[in-house]
Amino acid sequence: MRGLKVEGRNKVGKVIVTTSWDDGHPLDLKLASLLTKYRLQGTFYIPTRFPYFNVIDDCDLRRLSEKFEIGAHTLSHVKLTSISISEAKREIVSNKKMLEEIIGKKVKMFAYPQGRYNEEVINLVKILDFYGARTVEDFKINLSDPFRMGVTLQVRPYGRKELIKKLLEVENLRMKLFLLRHLPIFLNSWEDLAFSLFDYVYRNGGIFHIWGHSWEIDKFKMWDSLEFFLSYISGKRDVAYLCNGAVIENMCRIMR
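Residue 251 in this note's numbering sits at position 223 of the sequence shown, with consecutive numbering throughout.
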């Protein structure tokens, strides 16, 4: 199955597709190659170092930045809610400065490591010259706060209990009812969930934001599934393909 036939010609002309990828694993270059192949845009959030592997080197990071947006992801991928605000500032500022020196561009976007943040952390990110910040809150298809940017779907298998819990928490009632109605299918197939979610957004309007970790995609052997899906969402009529920062800028222009 390739989705549940909510696709069709986009009637609203207000669809954005964006992607984002965390942690700076060297396999990010493989992700970048797929995005380039299907003319998709995205943001790569790079920490200075990661606890379990060496992050992408400076030369490859510069290459990556030539086609894609680079976002900050702290100095050491620490949970910002577990340290003092002064330590959090050092983690963010040091990482942002390092990235900007390597790529020679302003770093506009930030991703909260492990999705952990609170109001104090948000206020800190706001004053450190970022346009916005991305969370890991799933099944979001719109954006109301640039510093709480949600995502639609992660590239990884979802456990049964986890998926049921997440779908019950979906804010868009119409989308929630659609997803719950077909829950048995989605429990068995990440592809069917991904295709159906995209088709829903394409039909009804909104932001479709797929994200993940290249090391995790490799771990779960999802490269073929991901490429199949990326080929499907590319080249659609009336869709804007943007990096995360451009989504924020687009939202801010509309709200003026």
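Every residue, glycine too, gets a C-beta built ideally from N, C-alpha and C.
| field | Candidates I261, I111 and L208, of which the one nearest V149 by Cα | value | Translated into positions along the sequence shown, residue 149 becomes position 121. The shortest CA-to-CA distance from V149 to any of I261, I111 and L208 is the one to I111.
| field | Beta-carbon proximity of Y73 to S48, cut-off 8 Å | value | Translated into positions along the sequence shown, residue 73 becomes position 45. Translated into positions along the sequence shown, residue 48 becomes position 20. For Y73 and S48, yes; Cβs fall inside 8 Å.
| said: Can you look up L92 in the DSSP assignment and give me helix, strand or coil? | reply: Here residue 92 refers to the residue found at position 64 of the sequence shown. The answer is helix: DSSP assigns L92 an H, G or I state.
| field | Assigned exposure category for R202 - 16 Cβ within 10 Å defines buried | value | For the purposes of this step, residue 202 is taken as the residue at position 174 of the sequence shown. So R202 counts as exposed.
| task | Work out the CA separation of R118 and C280 for me, nearest whole Å. | result | Translated into the one-based positions of the sequence shown, residue 280 becomes position 252. Translated into the one-based positions of the sequence shown, residue 118 becomes position 90. Taking the straight line joining both Cα atoms gives about 28 Å.
| said: On the CB-based measure, 16 or more other CB atoms within 10 Å of its CB, does S172 come out buried or exposed? | reply: Counted from its first residue, the sequence shown places residue 172 at position 144. S172 should be labelled exposed.
| request: Specify the secondary structure class of L156 as computed by DSSP and reduced to three states. | output: Counting from 1 along the sequence shown, the entry for residue 156 is found at position 128. The answer is coil: DSSP assigns L156 none of H, G, I, E or B.
| query | Apart from the five residues on each side of it in sequence, which residues of its chain come closer than 6 Å, Cβ to Cβ, to L208? | reply | As a first step, residue 208 must be located in the sequence shown, where it is residue number 180. Correct list, in chain order: L195.
| Looking only at its own chain, which residues have a Cβ that is under 6 Å from the Cβ of H237, when we skip the five neighbours before and after it? | Walking along the sequence shown from the start, residue 237 turns up at place 209. Cβ within range, chain order: T46, V179 and T180.
| request: Can you have a look at T102 and say buried or exposed, based on whether 16 or more other CB atoms are within 10 angstroms of its CB? | output: As a first step, residue 102 is located in the sequence shown; it is residue number 74 there, counting from the start. When all chains shown are included, T102 counts as buried.
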